[in-house]
Amino acid sequence: MSKEQKEQISQEDNLTMKRQNAALKLSDEEIKAAFEFCHGYMQFMSQAKTEREINIYAIKEAEKNGFKKFNFGDKLSVGDKIYYDNRGKSVILAVIGSDPISEGINLTAAHIDSPRLDLKENPLYENEELALFKTHYYGGIKKYQWTTVPLSLHGVIIKQNGEKITVNIGEDNGDPVFVVSDLLPHLAQDQMKRPSPEIIRGEELNIIVGSLSVKDKDIDKKVKYNILKILNEKYGIVERDFLSAELEAVPAYKPKDIGFDRSLIGAYGHDDKVCAYPELRAILDIKNPKKTAVAVLTDKEETGSDGNTGLASSYLKYFIEDISETLGSNFRTVISKSKCLSADVNSAFDPTFPDVFERANSSFINYGVVVTKFTGSRGKSGTSDANAEFAGEIHHLFDKENVIWQNGELGRVDLGGGGTVALFMANMNMDVIDVGVPVLAMHAPFEIVSKIDTYMAYKAFYAFQK
1 MSKEQKEQIS QEDNLTMKRQ NAALKLSDEE IKAAFEFCHG YMQFMSQAKT EREINIYAIK
61 EAEKNGFKKF NFGDKLSVGD KIYYDNRGKS VILAVIGSDP ISEGINLTAA HIDSPRLDLK
121 ENPLYENEEL ALFKTHYYGG IKKYQWTTVP LSLHGVIIKQ NGEKITVNIG EDNGDPVFVV
181 SDLLPHLAQD QMKRPSPEII RGEELNIIVG SLSVKDKDID KKVKYNILKI LNEKYGIVER
241 DFLSAELEAV PAYKPKDIGF DRSLIGAYGH DDKVCAYPEL RAILDIKNPK KTAVAVLTDK
301 EETGSDGNTG LASSYLKYFI EDISETLGSN FRTVISKSKC LSADVNSAFD PTFPDVFERA
361 NSSFINYGVV VTKFTGSRGK SGTSDANAEF AGEIHHLFDK ENVIWQNGEL GRVDLGGGGT
421 VALFMANMNM DVIDVGVPVL AMHAPFEIVS KIDTYMAYKA FYAFQK
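Oh and the sequence shown: position 166 is 166 in the working numbering, straight run, nothing missing.
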(Lines of atoms letter the chains of each structure in order from A and count residues from 1; the text may use other names and numbers.)
(Lines give C-alpha, C1' and ligand atoms only; values in the text may rest on other atoms or scores of the structure.)
Protein backbone atom coordinates (compact mmCIF):
# COMPACT_ATOMS: atom_id res chain seq x y z
CA MET A 1 0.00 0.00 0.00
CA SER A 2 1.39 3.37 -1.04
CA LYS A 3 1.93 6.29 1.32
CA GLU A 4 -0.86 8.20 -0.45
CA GLN A 5 -3.30 5.31 0.07
CA LYS A 6 -2.45 5.10 3.77
CA GLU A 7 -2.96 8.85 4.17
CA GLN A 8 -6.30 8.61 2.36
CA ILE A 9 -7.48 5.80 4.68
CA SER A 10 -6.29 7.75 7.72
CA GLN A 11 -8.18 10.81 6.51
CA GLU A 12 -11.32 8.71 5.94
CA ASP A 13 -11.09 7.31 9.47
CA ASN A 14 -10.90 10.84 10.87
CA LEU A 15 -13.79 12.19 8.81
CA THR A 16 -16.33 9.35 8.97
CA MET A 17 -18.12 7.74 11.89
CA LYS A 18 -17.88 3.95 11.98
CA ARG A 19 -19.88 2.13 14.60
CA GLN A 20 -18.52 -1.21 15.76
CA ASN A 21 -19.72 -4.13 17.85
CA ALA A 22 -18.48 -3.64 21.40
CA ALA A 23 -17.33 -7.26 21.62
CA LEU A 24 -14.61 -6.37 19.09
CA LYS A 25 -13.38 -3.49 21.24
CA LEU A 26 -13.45 -5.02 24.70
CA SER A 27 -10.80 -7.25 26.27
CA ASP A 28 -11.72 -10.70 27.56
CA GLU A 29 -11.48 -9.29 31.10
CA GLU A 30 -13.99 -6.53 30.32
CA ILE A 31 -16.43 -8.98 28.77
CA LYS A 32 -16.09 -11.16 31.85
CA ALA A 33 -16.82 -8.14 34.05
CA ALA A 34 -19.98 -7.46 32.03
CA PHE A 35 -21.16 -11.05 32.50
CA GLU A 36 -20.45 -10.90 36.24
CA PHE A 37 -22.34 -7.61 36.60
CA CYS A 38 -25.32 -9.14 34.82
CA HIS A 39 -25.32 -12.13 37.17
CA GLY A 40 -26.29 -9.66 39.90
CA TYR A 41 -28.85 -8.08 37.58
CA MET A 42 -30.50 -11.43 36.91
CA GLN A 43 -30.70 -12.14 40.64
CA PHE A 44 -32.34 -8.75 41.14
CA MET A 45 -34.84 -9.51 38.35
CA SER A 46 -35.76 -12.78 40.07
CA GLN A 47 -36.45 -11.02 43.38
CA ALA A 48 -38.16 -7.79 42.32
CA LYS A 49 -40.72 -7.70 39.52
CA THR A 50 -43.00 -4.84 40.57
CA GLU A 51 -42.48 -1.25 41.64
CA ARG A 52 -43.25 -2.07 45.28
CA GLU A 53 -40.76 -4.95 45.34
CA ILE A 54 -38.05 -2.87 43.64
CA ASN A 55 -38.65 -0.07 46.13
CA ILE A 56 -38.11 -2.50 49.02
CA TYR A 57 -35.00 -3.95 47.34
CA ALA A 58 -33.49 -0.50 46.68
CA ILE A 59 -34.00 0.72 50.26
CA LYS A 60 -32.57 -2.51 51.69
CA GLU A 61 -29.45 -2.21 49.50
CA ALA A 62 -29.16 1.49 50.30
CA GLU A 63 -29.22 0.90 54.04
CA LYS A 64 -26.61 -1.86 53.67
CA ASN A 65 -24.42 0.75 51.98
CA GLY A 66 -24.80 3.40 54.66
CA PHE A 67 -27.77 5.41 53.39
CA LYS A 68 -30.08 6.97 55.98
CA LYS A 69 -33.74 7.94 55.65
CA PHE A 70 -34.08 11.68 55.04
CA ASN A 71 -36.60 13.94 56.75
CA PHE A 72 -36.95 17.61 55.93
CA GLY A 73 -34.85 19.64 58.32
CA ASP A 74 -32.22 16.95 58.85
CA LYS A 75 -28.74 18.46 58.83
CA LEU A 76 -26.64 17.39 55.85
CA SER A 77 -22.87 17.36 55.31
CA VAL A 78 -20.50 16.43 52.49
CA GLY A 79 -20.47 12.67 52.01
CA ASP A 80 -23.87 12.03 53.61
CA LYS A 81 -25.93 9.30 51.96
CA ILE A 82 -29.70 9.68 52.18
CA TYR A 83 -32.88 8.25 50.70
CA TYR A 84 -36.53 9.28 50.47
CA ASP A 85 -39.31 6.69 50.19
CA ASN A 86 -42.39 7.96 48.34
CA ARG A 87 -45.37 5.80 49.35
CA GLY A 88 -43.50 2.54 48.88
CA LYS A 89 -43.61 2.83 45.09
CA SER A 90 -40.79 5.22 44.19
CA VAL A 91 -37.54 6.11 45.91
CA ILE A 92 -34.85 8.80 45.69
CA LEU A 93 -31.23 8.23 46.75
CA ALA A 94 -28.62 10.96 47.11
CA VAL A 95 -24.95 11.37 48.01
CA ILE A 96 -24.02 14.90 49.09
CA GLY A 97 -21.09 16.20 47.03
CA SER A 98 -18.15 18.43 47.94
CA ASP A 99 -19.17 21.26 45.59
CA PRO A 100 -21.78 23.73 46.89
CA ILE A 101 -25.24 22.51 45.93
CA SER A 102 -25.81 25.90 44.33
CA GLU A 103 -23.60 24.56 41.51
CA GLY A 104 -26.34 22.03 40.71
CA ILE A 105 -26.79 18.28 41.04
CA ASN A 106 -26.18 15.32 38.72
CA LEU A 107 -29.36 13.28 38.54
CA THR A 108 -30.31 9.96 36.94
CA ALA A 109 -33.95 8.89 36.61
CA ALA A 110 -35.29 5.43 35.71
CA HIS A 111 -38.78 4.00 36.04
CA ILE A 112 -39.55 0.76 37.86
CA ASP A 113 -43.04 -0.01 36.56
CA SER A 114 -43.54 -2.31 33.56
CA PRO A 115 -46.50 -3.35 31.38
CA ARG A 116 -48.69 -5.93 33.11
CA LEU A 117 -52.25 -7.01 33.89
CA ASP A 118 -53.84 -5.29 36.90
CA LEU A 119 -56.81 -6.87 38.62
CA LYS A 120 -60.03 -4.89 38.48
CA GLU A 121 -61.48 -3.61 41.74
CA ASN A 122 -64.10 -6.38 41.80
CA PRO A 123 -62.20 -9.09 39.93
CA LEU A 124 -63.43 -12.52 41.02
CA TYR A 125 -66.27 -14.22 39.14
CA GLU A 126 -67.42 -17.68 38.09
CA ASN A 127 -68.45 -18.70 34.58
CA GLU A 128 -69.33 -22.26 33.54
CA GLU A 129 -67.71 -23.59 36.72
CA LEU A 130 -64.38 -21.86 36.20
CA ALA A 131 -63.23 -19.12 38.60
CA LEU A 132 -61.55 -16.16 36.91
CA PHE A 133 -60.13 -12.72 37.65
CA LYS A 134 -61.10 -9.74 35.49
CA THR A 135 -58.12 -7.56 34.55
CA HIS A 136 -57.37 -4.11 33.19
CA TYR A 137 -54.07 -4.06 31.29
CA TYR A 138 -51.44 -1.51 32.33
CA GLY A 139 -49.23 0.20 29.76
CA GLY A 140 -48.79 -0.48 26.07
CA ILE A 141 -49.05 -4.19 25.27
CA LYS A 142 -49.89 -6.50 22.40
CA LYS A 143 -52.78 -8.18 24.17
CA TYR A 144 -52.50 -11.47 22.28
CA GLN A 145 -48.98 -11.96 23.71
CA TRP A 146 -50.40 -12.31 27.23
CA THR A 147 -52.45 -15.45 26.60
CA THR A 148 -51.18 -18.90 27.64
CA VAL A 149 -48.34 -17.27 29.61
CA PRO A 150 -47.78 -18.51 33.20
CA LEU A 151 -48.55 -15.57 35.47
CA SER A 152 -47.67 -14.77 39.07
CA LEU A 153 -49.67 -12.46 41.33
CA HIS A 154 -47.99 -9.62 43.24
CA GLY A 155 -49.20 -6.73 45.34
CA VAL A 156 -51.00 -5.70 48.49
CA ILE A 157 -54.48 -6.02 49.96
CA ILE A 158 -55.74 -3.60 52.61
CA LYS A 159 -58.25 -5.38 54.81
CA GLN A 160 -61.30 -3.66 56.29
CA ASN A 161 -59.48 -3.39 59.64
CA GLY A 162 -56.56 -1.56 57.98
CA GLU A 163 -54.15 -4.50 57.99
CA LYS A 164 -51.90 -4.70 54.92
CA ILE A 165 -51.44 -8.14 53.34
CA THR A 166 -48.51 -8.66 50.95
CA VAL A 167 -49.17 -11.07 48.08
CA ASN A 168 -46.53 -12.92 46.03
CA ILE A 169 -47.83 -16.14 44.46
CA GLY A 170 -46.32 -17.97 41.51
CA GLU A 171 -42.60 -17.25 41.86
CA ASP A 172 -41.50 -20.14 44.11
CA ASN A 173 -41.18 -23.64 42.62
CA GLY A 174 -44.01 -25.00 44.75
CA ASP A 175 -46.43 -22.16 43.96
CA PRO A 176 -49.38 -22.39 41.57
CA VAL A 177 -49.43 -20.03 38.59
CA PHE A 178 -52.31 -18.43 36.72
CA VAL A 179 -53.10 -18.07 33.01
CA VAL A 180 -55.23 -16.36 30.37
CA SER A 181 -56.63 -18.95 27.97
CA ASP A 182 -56.84 -18.70 24.17
CA LEU A 183 -58.78 -20.43 21.41
CA LEU A 184 -57.38 -23.51 19.72
CA PRO A 185 -56.50 -22.94 16.03
CA HIS A 186 -59.22 -25.40 14.95
CA LEU A 187 -61.95 -23.05 16.25
CA ALA A 188 -60.28 -19.67 15.75
CA GLN A 189 -61.29 -18.91 12.16
CA ASP A 190 -63.45 -15.93 13.13
CA GLN A 191 -61.04 -14.78 15.82
CA MET A 192 -58.18 -14.65 13.32
CA LYS A 193 -60.22 -12.34 11.05
CA ARG A 194 -60.19 -9.66 13.73
CA PRO A 195 -57.74 -6.75 13.39
CA SER A 196 -54.54 -7.63 15.26
CA PRO A 197 -55.23 -5.28 18.22
CA GLU A 198 -58.47 -7.18 18.74
CA ILE A 199 -57.31 -10.78 18.29
CA ILE A 200 -57.58 -10.69 22.07
CA ARG A 201 -59.72 -7.87 23.46
CA GLY A 202 -59.18 -6.20 26.81
CA GLU A 203 -62.26 -7.81 28.33
CA GLU A 204 -60.98 -11.22 27.21
CA LEU A 205 -57.82 -10.99 29.34
CA ASN A 206 -59.43 -13.04 32.09
CA ILE A 207 -57.14 -15.05 34.37
CA ILE A 208 -58.10 -18.59 35.33
CA VAL A 209 -57.71 -19.04 39.11
CA GLY A 210 -59.58 -22.26 39.92
CA SER A 211 -62.12 -24.95 38.98
CA LEU A 212 -63.06 -27.02 42.05
CA SER A 213 -66.55 -26.76 43.51
CA VAL A 214 -67.46 -26.91 47.17
CA LYS A 215 -69.81 -29.78 48.00
CA ASP A 216 -72.69 -27.69 49.27
CA LYS A 217 -75.87 -27.70 47.18
CA ASP A 218 -77.16 -24.52 48.85
CA ILE A 219 -74.29 -22.38 47.51
CA ASP A 220 -74.86 -20.89 44.06
CA LYS A 221 -71.37 -20.11 42.73
CA LYS A 222 -69.56 -23.11 44.15
CA VAL A 223 -66.16 -22.57 42.46
CA LYS A 224 -66.03 -18.87 43.30
CA TYR A 225 -66.97 -19.65 46.89
CA ASN A 226 -64.18 -22.23 47.10
CA ILE A 227 -61.62 -19.63 45.94
CA LEU A 228 -62.90 -17.11 48.50
CA LYS A 229 -62.69 -19.79 51.18
CA ILE A 230 -59.05 -20.55 50.26
CA LEU A 231 -58.16 -16.84 50.27
CA ASN A 232 -59.86 -16.34 53.60
CA GLU A 233 -57.98 -19.24 55.16
CA LYS A 234 -54.61 -18.08 53.77
CA TYR A 235 -54.91 -14.29 54.10
CA GLY A 236 -57.97 -13.66 56.25
CA ILE A 237 -59.61 -11.61 53.51
CA VAL A 238 -63.16 -11.42 52.19
CA GLU A 239 -64.37 -10.44 48.72
CA ARG A 240 -64.93 -6.82 49.71
CA ASP A 241 -61.21 -6.46 50.48
CA PHE A 242 -60.44 -6.58 46.74
CA LEU A 243 -61.89 -3.06 46.55
CA SER A 244 -58.84 -1.75 48.44
CA ALA A 245 -56.14 -3.86 46.80
CA GLU A 246 -53.36 -3.39 44.26
CA LEU A 247 -52.75 -6.75 42.61
CA GLU A 248 -50.65 -7.19 39.49
CA ALA A 249 -50.35 -10.26 37.27
CA VAL A 250 -46.89 -10.52 35.70
CA PRO A 251 -45.11 -13.31 33.81
CA ALA A 252 -43.80 -15.98 36.16
CA TYR A 253 -40.69 -16.44 34.02
CA LYS A 254 -37.26 -16.37 35.62
CA PRO A 255 -34.47 -14.45 33.82
CA LYS A 256 -32.60 -16.73 31.43
CA ASP A 257 -29.36 -16.62 29.44
CA ILE A 258 -30.10 -16.58 25.72
CA GLY A 259 -27.88 -18.07 23.04
CA PHE A 260 -25.13 -20.64 22.95
CA ASP A 261 -22.71 -17.89 24.00
CA ARG A 262 -25.00 -16.71 26.84
CA SER A 263 -24.47 -13.13 25.67
CA LEU A 264 -28.12 -12.08 26.00
CA ILE A 265 -30.67 -12.04 28.82
CA GLY A 266 -34.34 -12.85 28.40
CA ALA A 267 -36.70 -11.64 31.14
CA TYR A 268 -39.93 -9.88 31.93
CA GLY A 269 -39.62 -6.15 32.60
CA HIS A 270 -36.25 -5.15 31.11
CA ASP A 271 -38.12 -1.93 30.32
CA ASP A 272 -37.02 -0.23 32.49
CA LYS A 273 -35.39 -2.41 35.13
CA VAL A 274 -32.36 -2.87 32.86
CA CYS A 275 -31.68 0.84 33.46
CA ALA A 276 -32.98 0.99 37.03
CA TYR A 277 -30.57 -1.67 38.32
CA PRO A 278 -27.39 -0.13 36.80
CA GLU A 279 -28.53 3.29 38.06
CA LEU A 280 -29.03 1.90 41.56
CA ARG A 281 -25.67 0.13 41.58
CA ALA A 282 -23.95 3.30 40.35
CA ILE A 283 -25.30 5.52 43.15
CA LEU A 284 -24.46 2.82 45.73
CA ASP A 285 -20.88 2.65 44.43
CA ILE A 286 -20.27 6.42 44.31
CA LYS A 287 -17.53 7.64 46.63
CA ASN A 288 -16.93 11.34 47.32
CA PRO A 289 -18.63 12.91 44.29
CA LYS A 290 -17.94 16.55 43.50
CA LYS A 291 -21.52 17.43 42.64
CA THR A 292 -24.34 16.02 44.72
CA ALA A 293 -25.47 12.78 43.04
CA VAL A 294 -29.18 11.94 42.97
CA ALA A 295 -30.85 8.81 41.59
CA VAL A 296 -34.62 8.45 41.34
CA LEU A 297 -36.47 5.18 40.74
CA THR A 298 -39.98 6.23 39.80
CA ASP A 299 -43.40 4.75 39.12
CA LYS A 300 -46.17 5.25 36.52
CA GLU A 301 -44.01 5.97 33.45
CA GLU A 302 -45.79 3.33 31.37
CA THR A 303 -49.09 5.20 31.83
CA GLY A 304 -47.79 8.74 31.37
CA SER A 305 -46.08 9.41 34.74
CA ASP A 306 -49.26 10.85 36.27
CA GLY A 307 -50.17 10.11 39.88
CA ASN A 308 -48.37 10.98 43.10
CA THR A 309 -45.66 8.34 42.57
CA GLY A 310 -44.94 9.35 38.96
CA LEU A 311 -42.57 12.10 37.85
CA ALA A 312 -45.36 14.33 36.60
CA SER A 313 -46.03 14.92 40.30
CA SER A 314 -43.92 17.16 42.53
CA TYR A 315 -42.28 14.69 44.91
CA LEU A 316 -38.85 14.92 43.25
CA LYS A 317 -39.12 18.71 43.06
CA TYR A 318 -39.94 18.86 46.75
CA PHE A 319 -37.00 16.60 47.63
CA ILE A 320 -34.53 18.74 45.68
CA GLU A 321 -36.05 21.87 47.22
CA ASP A 322 -35.70 20.41 50.71
CA ILE A 323 -32.05 19.39 50.40
CA SER A 324 -31.25 22.70 48.67
CA GLU A 325 -32.67 24.71 51.56
CA THR A 326 -30.99 22.44 54.10
CA LEU A 327 -27.64 23.05 52.37
CA GLY A 328 -28.15 26.82 52.17
CA SER A 329 -29.41 27.35 48.63
CA ASN A 330 -32.77 27.48 46.86
CA PHE A 331 -34.54 25.26 44.37
CA ARG A 332 -34.47 27.68 41.43
CA THR A 333 -30.72 28.21 41.65
CA VAL A 334 -29.94 24.53 42.07
CA ILE A 335 -32.25 23.15 39.40
CA SER A 336 -31.18 25.61 36.70
CA LYS A 337 -27.59 24.34 37.01
CA SER A 338 -28.49 20.65 37.31
CA LYS A 339 -28.03 17.91 34.73
CA CYS A 340 -29.92 14.69 34.22
CA LEU A 341 -29.65 11.38 32.41
CA SER A 342 -33.13 10.03 31.77
CA ALA A 343 -32.32 6.34 32.13
CA ASP A 344 -34.71 4.57 29.77
CA VAL A 345 -34.47 1.91 27.10
CA ASN A 346 -34.58 2.22 23.33
CA SER A 347 -35.66 -0.26 20.68
CA ALA A 348 -32.83 -2.36 19.24
CA PHE A 349 -32.70 -2.94 15.48
CA ASP A 350 -34.43 -6.25 14.74
CA PRO A 351 -33.19 -7.91 11.51
CA THR A 352 -36.42 -9.91 11.29
CA PHE A 353 -38.42 -6.66 11.01
CA PRO A 354 -36.02 -4.19 9.33
CA ASP A 355 -38.66 -2.09 7.56
CA VAL A 356 -39.78 -0.23 10.69
CA PHE A 357 -36.24 0.99 11.48
CA GLU A 358 -34.03 3.63 9.85
CA ARG A 359 -30.73 1.83 10.08
CA ALA A 360 -28.34 4.78 10.37
CA ASN A 361 -30.29 6.12 13.34
CA SER A 362 -31.13 2.87 15.12
CA SER A 363 -29.43 1.25 18.07
CA PHE A 364 -27.99 -2.25 17.87
CA ILE A 365 -27.49 -5.10 20.31
CA ASN A 366 -23.90 -5.18 21.67
CA TYR A 367 -23.05 -1.69 20.39
CA GLY A 368 -23.18 -0.15 23.86
CA VAL A 369 -25.50 2.12 25.79
CA VAL A 370 -27.82 4.28 23.64
CA VAL A 371 -27.76 8.08 23.81
CA THR A 372 -31.11 9.33 22.50
CA LYS A 373 -31.14 13.07 21.84
CA PHE A 374 -34.93 13.21 21.46
CA THR A 375 -37.86 10.85 21.83
CA GLY A 376 -41.52 11.68 21.18
CA SER A 377 -43.47 10.72 18.08
CA ARG A 378 -44.09 12.04 14.57
CA GLY A 379 -43.09 15.73 14.80
CA LYS A 380 -41.11 15.21 18.03
CA SER A 381 -44.33 15.44 20.04
CA GLY A 382 -43.80 14.80 23.74
CA THR A 383 -40.01 15.19 23.84
CA SER A 384 -37.55 17.53 25.51
CA ASP A 385 -34.94 17.31 22.68
CA ALA A 386 -31.58 17.80 24.39
CA ASN A 387 -29.58 20.80 23.24
CA ALA A 388 -26.40 20.27 21.25
CA GLU A 389 -24.18 21.57 24.05
CA PHE A 390 -25.38 19.00 26.57
CA ALA A 391 -25.37 16.19 24.01
CA GLY A 392 -21.76 17.01 23.18
CA GLU A 393 -20.85 17.14 26.87
CA ILE A 394 -22.24 13.64 27.47
CA HIS A 395 -20.60 12.22 24.33
CA HIS A 396 -17.24 13.65 25.44
CA LEU A 397 -17.67 12.29 28.99
CA PHE A 398 -18.45 8.78 27.76
CA ASP A 399 -15.47 8.81 25.37
CA LYS A 400 -13.19 10.00 28.17
CA GLU A 401 -14.44 7.31 30.58
CA ASN A 402 -14.28 4.48 27.99
CA VAL A 403 -18.04 4.00 27.95
CA ILE A 404 -19.04 2.37 24.68
CA TRP A 405 -22.10 4.21 23.38
CA GLN A 406 -24.21 4.62 20.26
CA ASN A 407 -26.98 6.85 19.00
CA GLY A 408 -30.51 5.66 18.32
CA GLU A 409 -34.10 6.64 17.65
CA LEU A 410 -37.22 4.57 18.23
CA GLY A 411 -38.14 3.59 14.66
CA ARG A 412 -38.93 5.45 11.46
CA VAL A 413 -40.30 8.97 11.78
CA ASP A 414 -43.92 8.28 10.85
CA LEU A 415 -44.02 4.82 12.40
CA GLY A 416 -42.25 4.94 15.72
CA GLY A 417 -42.08 7.06 18.79
CA GLY A 418 -42.35 6.84 22.50
CA GLY A 419 -41.89 8.85 25.65
CA THR A 420 -39.66 8.83 28.71
CA VAL A 421 -39.46 10.90 31.89
CA ALA A 422 -36.99 13.30 30.22
CA LEU A 423 -39.59 16.00 29.52
CA PHE A 424 -40.57 16.20 33.19
CA MET A 425 -36.94 16.81 34.14
CA ALA A 426 -36.51 19.36 31.35
CA ASN A 427 -39.70 21.16 32.38
CA MET A 428 -38.07 21.88 35.74
CA ASN A 429 -35.33 23.73 33.81
CA MET A 430 -32.43 21.29 33.89
CA ASP A 431 -30.37 19.83 31.04
CA VAL A 432 -31.47 16.28 30.25
CA ILE A 433 -30.81 13.56 27.69
CA ASP A 434 -31.97 9.94 27.42
CA VAL A 435 -29.38 7.21 28.02
CA GLY A 436 -30.32 3.55 28.20
CA VAL A 437 -30.09 -0.02 26.97
CA PRO A 438 -31.35 -1.25 23.56
CA VAL A 439 -34.09 -3.89 23.88
CA LEU A 440 -35.49 -6.50 21.50
CA ALA A 441 -39.22 -7.36 21.82
CA MET A 442 -39.88 -4.37 24.07
CA HIS A 443 -43.13 -4.58 26.09
CA ALA A 444 -43.48 -8.29 25.38
CA PRO A 445 -43.82 -10.68 28.34
CA PHE A 446 -40.22 -11.81 27.62
CA GLU A 447 -37.81 -9.08 26.47
CA ILE A 448 -34.18 -9.42 25.34
CA VAL A 449 -31.08 -7.34 26.17
CA SER A 450 -27.31 -7.68 25.83
CA LYS A 451 -25.08 -8.22 28.84
CA ILE A 452 -22.45 -5.89 27.37
CA ASP A 453 -24.98 -3.09 26.82
CA THR A 454 -26.33 -3.50 30.36
CA TYR A 455 -22.84 -3.20 31.82
CA MET A 456 -22.15 -0.13 29.68
CA ALA A 457 -25.26 1.47 31.17
CA TYR A 458 -23.73 1.00 34.62
CA LYS A 459 -20.44 2.52 33.46
CA ALA A 460 -22.30 5.45 31.90
CA PHE A 461 -24.32 6.24 35.04
CA TYR A 462 -21.28 5.83 37.29
CA ALA A 463 -19.15 8.11 35.10
CA PHE A 464 -21.87 10.76 35.12
CA GLN A 465 -22.46 10.61 38.89
CA LYS A 466 -18.86 10.51 40.07
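All C-beta atoms, glycine included, are put in the ideal place defined by N, C-alpha and C. If you're wondering where the values come from, they're calculated on a predicted model, not measured in any experiment.
For a test of the three-state rule: what should DSSP assign to proline 251, helix, strand or coil?
DSSP places proline 251 within a strand segment (E or B) once states are collapsed to three.
Run through DSSP, which three-state label would proline 123 get?
Collapsing the DSSP output to three states places proline 123 in a strand.
Can you tell which of Phe424, Ala267, Lys300 has its C-alpha closest to the C-alpha of lysine 317?
The residue with the shortest Cα to Cα distance from lysine 317 is Phe424.
Starting from alanine 110, follow the beta strand (DSSP E) in both directions and report where the run begins and ends.
Counting along the chain, the beta strand (DSSP E) containing alanine 110 begins and ends at 105 to 111.
Once you ignore the five residues that flank aspartate 85 on each side, which residues in its own chain have a CB closer than 8 Å to its CB?
In its chain, beyond the 5 residues on either side, Asn55, Ile59, Lys69, Val91 have a beta carbon closer than 8 Å to the beta carbon of aspartate 85.
Run the proximity test for isoleucine 323: is its beta-carbon closer than 6 Å to any non-hydrogen atom belonging to the ligand ZN?
Of the ligands one can find in the structure shown there are none, so the ligand ZN has no counterpart to examine.
Alpha carbon to alpha carbon, how far is valine 179 from histidine 154? Give it in angstroms, no decimals.
Going by C-alpha positions, histidine 154 is about 14 Å away from valine 179.
What's the gap between the Cα of valine 214 and the Cα of leucine 231?
Those two C-alpha atoms are separated by around 14 Å.
In or out: leucine 132 buried (at least 16 other Cβ within 10 Å) or exposed?
Buried is the call here.
Kindly list the residues whose CB is nearer than 7 Å to the CB of tyrosine 458, restricted to its own chain and excluding five residues on each side of it in sequence; keep chain order.
The beta carbon of tyrosine 458 lies closer than 7 Å to those of Phe37, Pro278, Arg281, Ala282 in the same chain, with the five residues before and after it left out.
Write down the C-beta distance between histidine 270 and valine 439 rounded to the nearest angstrom, noting that I regard them as a contact closer than 8 Å.
That pair is a contact at about 5 Å.
Less than 7 Å between the C-beta atoms of leucine 243 and alanine 276, yes or no?
No, the Cβ-Cβ distance between leucine 243 and alanine 276 is not below 7 Å.
Nearest-angstrom Cβ-Cβ length linking alanine 460 and phenylalanine 398, presumed shorter than 8 Å
In this structure alanine 460 touches phenylalanine 398 by the C-beta definition: roughly 6 Å separates them, less than 8 Å.
For cysteine 340, the residue or residues it bridges with in DSSP
Cysteine 340 is bridged to Leu107, Val432.
Going straight from the alpha carbon of valine 437 to that of valine 156, what length do you get?
Cα to Cα, valine 437 sits roughly 31 Å from valine 156.
Selection from Ile112, Asp99, Lys134, Leu284 that minimises the alpha carbon distance to glutamate 121:
The option with the nearest alpha carbon to glutamate 121 is Lys134.
What residue from Asp272, Glu393, Asn288 has the CA that sits closest to alanine 343's CA?
Ranked by Cα distance from alanine 343, the first of Asp272, Glu393, Asn288 is Asp272.
At which residues does the alpha helix (DSSP H) containing glutamine 191 begin and terminate?
Neither: glutamine 191 is in no alpha helix (DSSP H) and is coded neither H nor E.
Taking DSSP's pairing of strands, which residues face tryptophan 405 in a bridge?
DSSP output for tryptophan 405 lists Val369 as bridge partner(s).
Rounded to a whole number of angstroms, what is the C-alpha to C-alpha distance between threonine 16 and valine 403?
Computed Cα separation, rounded: 20 Å.
DSSP three-state label for isoleucine 265, please.
Three-state DSSP puts isoleucine 265 in a strand.
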